[in-house]
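Participant: Have a look at this one.
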Amino acid sequence: MEISFVRIDDRLIHGQVATVWVKESKCNKIIACSDEVAKDQLRKTLLLQVAPADVKAYVLPIDKAIEAYKNPKYNDFKTMFLFTNPSDALRMIEGGVDIKSINVGGMCYKEGKTQITGAVSVNDKDIEAFKKIHEKGIELEVRQIASNPKVDLMEKLKASGLID
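Numbering of the sequence shown is given in the working numbering, commencing with residue 851 and proceeding in unit increments.
So this is what it looks like as structure tokens:
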């Protein structure tokens, strides 16, 4: 399986992903990776309905997504992996998925989170996961839309005083 794009966006599949990022990444499959969302039949159904007609979409728990990545049966997949949070992305990486770069597009503000850009808010658990991903040499870049310039997430966390 070829990884064409990896994005953390708590909305998973939505207009920007379905139109711009699919074209930009030239993917032919979308796999939304989340134990929580895979169990939520309504959310899962809604996500699959908003996927572009010419791109097959799946909503899988993390372990199933790792299995699919490793299965030679899916070698023709050019896949966009979507995550709601960095901890799930880290689980995929630790499970043997060869991710080189992660786009952080949207992590909404909730109580206990610190907003670092207009679209990205993090808590301590997110920061720890991002640090571990960064230590593995994986690019972490913030871009809400494809036409925006890449911003280094770790620099953004430093500038926000959240890491040294």
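Here a beta-carbon is modelled for each residue, glycine too, at the ideal position from N, C-alpha and C.
Would you mind reading off the limits of the beta strand (DSSP E) that contains Val909?
Facilitator: 906 to 910
Participant: Using a Cβ-Cβ cutoff of less than 7 Å, which residues in the same chain neighbour Arg861 once the five nearest sequence positions on both sides are dropped?
Facilitator: Gly956
Participant: Please identify the residue among Thr869, Met930, Ala996, Ala979 whose C-alpha is closest to the C-alpha of Leu1007.
Facilitator: Ala979
Participant: Asp1014 by DSSP, collapsed to three states: which one?
Facilitator: coil
Participant: May I have the straight-line CA-CA distance separating Ser1010 from Val1001, to the nearest angstrom?
Facilitator: 13 Å
Participant: In three-state terms, what does DSSP make of Val947?
Facilitator: coil
Participant: Between the alpha carbons of Ile881 and Tyr919, how many angstroms are there, rounded?
Facilitator: Distance between the alpha carbons of Ile881 and Tyr919 is about 10 Å.
Participant: Identify whether Leu892 lies in helix, strand or coil by the three-state DSSP scheme.
Facilitator: Per DSSP, reduced to three states, the secondary structure at Leu892 is helical.
Participant: With 16 other CB atoms within 10 Å as the buried threshold, where does Cys877 fall?
Facilitator: buried
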